[in-house]
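Single-structure report; data block below.
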Amino acid sequence: HLARLERVAQAHGVQVMHAQSAQEANRLIIETLKSFNAAETLRNRHPLLDEIQLDEAARINAVRLTPLQAGDFLAQLTERHSGHPIWPVGHLTAERISDALNEKWRVPKTYDPDHLASTVRRRLRRQLLRVDAAVLGVHFATTDEGLFTFLDNDGHNASLVSLARHVILLLSIEHVAANSADVEALTRVFALSAWGRPLPAYITQLQKPAPPGTDGPRTLHLILVDHRRREIIAQGFGEALRCIHCGACHTLCPVYQQIGGAGYAHSPYTGPIGATLNPLLLAPELGEPQVGLCDASGQCMTACPLAIDFARLRRAHCYRLAKAGRAGKDRRYFALWRYLIDFPRLFIAFLRRNAPQPRKGKSLR
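Residue numbers (this note's numbering): 36 to 400.
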């Protein structure tokens, strides 16, 4: 599928590149953006962009990269981790958002959600009208026609595709479908599971650079991102890559409902899929403890539209860690927990002191 997609995309005038790691993907993106000499660069909302830590790479390389999706923009503005695949700032109160806008932009404090939303949108619209380049994470791609599909409920993908002169597409290698019929089915499943509606409000598709005199990008670059996907498949965890990041498993997960996204080491993957993928994608000291973020209730499997067997994958993780001799630490922590649970103040102080804090730029494998 990937080889065929590459051939079809190149035939349409798309420049195709491959990235085996997050670092390589960031390097290709930054180098390509600098070649555009773009005055304004925007990006869409997509978990792959957060997975490779693109915002941090752009900051280090002095590239201004702004999320156009309002929730994602607020997460960046407040320096808070997005804790849900669909609702990035669902955990933030109106008071926290108002304080951030007052601190950053000197906006008078107000706790009216409509006023806060309109304030952010006005700022983003001005940037959108100046956009030169865009970085877009792709939801699905087809090999037969080389179509790239983007799904959202606010139209930010359509705006970027129409107005940006240069577009860089980031595609995770497992999100490739054989034909448009498969993408249509996945789109319906995603919309029902994410928003409870038969279709997203906006379905944007892109195939090739736009001809002169029409809306659309003049140049189109595609980066196929592996970032340990083939290794994950070889280890027997390929089933987890079926995830379409709709957030359905989060709705029923008792652990996620209690701890939110903060317990997943600042990864874009939270909830049951985070406890499954993060041990494979993050550095061991950050990812492996997340195997324990499961109460084995099985609620996630009843919600998942792709029928991912989270219970089997968790057992495989436990076996892998035990075989590698890294389960002893968990046993010691459990023994300590049994002692501290009778002393709530001491227990909470211990948790706060020992909570894993990801180091910028060093949380990935």
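A virtual CB, placed ideally from N, CA and C, is assigned to each residue, including glycine. Keep in mind the model is a prediction, meaning the values are calculated, not measured.
By the three-class DSSP mapping on this structure, what secondary structure does residue i have?
i           : result
residue 229 : helix
residue 309 : helix
residue 270 : coil
residue 162 : helix
residue 382 : helix
residue 295 : helix
residue 327 : helix
residue 124 : coil
residue 143 : coil
residue 37  : helix
residue 45  : helix
residue 89  : helix
residue 262 : coil
residue 115 : coil
residue 394 : The predicted model places residue 394 with a pLDDT of 47, which falls under 50 and marks its position as unreliable; any figure quoted below should be read in that light. Coil.
residue 377 : coil
residue 341 : coil
residue 280 : coil
residue 387 : helix
residue 84  : helix
residue 234 : coil
Between which two residues does the beta strand (DSSP E) holding residue i run?
i           : result
residue 50  : 50-54
residue 184 : 183-187
residue 102 : 100-102
residue 287 : Counting along the chain, residue 287 falls outside any beta strand (DSSP E), though it belongs to the alpha helix (DSSP H) covering 283-287.
residue 299 : Per DSSP, residue 299 belongs to no beta strand (DSSP E) and is neither H nor E.
Please list, in chain order, all residues of the same chain as residue i whose beta carbon is under 6 Å from its beta carbon, the five residues on each side excluded.
i           : result
residue 276 : 209
residue 237 : 187, 190, 193
residue 335 : 284, 288, 307, 345
residue 49  : 255, 257
residue 239 : 185, 192, 193, 196
residue 53  : 259
residue 173 : 183, 204, 206
residue 55  : 261
residue 322 : 313, 314
residue 126 : 118, 295
Sorted by chain position, which residues of the same chain lie with C-beta nearer than 7 Å to residue i's C-beta, five sequence neighbours on each side aside?
i           : result
residue 178 : 36, 39, 40, 43, 211, 213
residue 46  : none
residue 215 : 177, 180, 182
residue 90  : 100, 111
residue 304 : 82, 312, 313
residue 394 : For residue 394, the predicted structure reports a pLDDT of 47, less than 50, and the residue's modelled location is therefore unreliable. The matter cannot be settled from this model.
Taking the continuous alpha helix (DSSP H) assigned at residue i, which residues delimit it?
i           : result
residue 105 : 105-112
residue 207 : No alpha helix (DSSP H) contains residue 207, which is instead part of the beta strand (DSSP E) from 201-207.
residue 239 : Run containing residue 239: none in the alpha helix (DSSP H); it sits in the beta strand (DSSP E), 237-241.
residue 319 : 319-322
residue 338 : 334-338
residue 249 : Segment: none, residue 249 is in no alpha helix (DSSP H) and carries neither H nor E.
residue 97  : Neither: residue 97 is in no alpha helix (DSSP H) and is coded neither H nor E.
residue 192 : 191-198
residue 64  : 57-71
residue 406 : Outside the displayed span of the chain (36 to 400) sits residue 406, for which this structure offers no information.
residue 353 : 345-358
For residue i, which residues does DSSP report across the bridge?
i           : result
residue 176 : 183, 211
residue 405 : Limits of the chain in this structure are 36 at one end and 400 at the other, which puts residue 405 out of reach.
residue 256 : 50, 203
Suppose the cutoff is 8 Å on Cβ atoms and the five residues either side in sequence are ignored; what does the same chain contact list for residue i look like?
i           : result
residue 139 : 112
residue 65  : 92, 93, 96, 98
residue 226 : 186, 232, 233, 234, 235
residue 384 : none
residue 104 : 79, 80, 123, 187, 189, 191
residue 264 : 207, 208, 209, 276
Measuring only between beta-carbons, confirm whether residue i sits less than 8 Å from chain D.
i           : result
residue 298 : Checking the listed chains, one finds no chain D in this structure; it contains a single protein chain.
Quiz item: On the three-pair Cβ rule with 8 Å, is the segment 92-107 touching the segment 51-71?
Solution: Yes: at least three Cβ pairs fall under 8 Å.
Self-check item: At least three beta-carbon pairs within less than 8 Å, the segment 120-134 to the segment 157-169
Solution: Contact fails between the segment 120-134 and the segment 157-169, because fewer than three Cβ pairs, one in each stretch, are under 8 Å apart.
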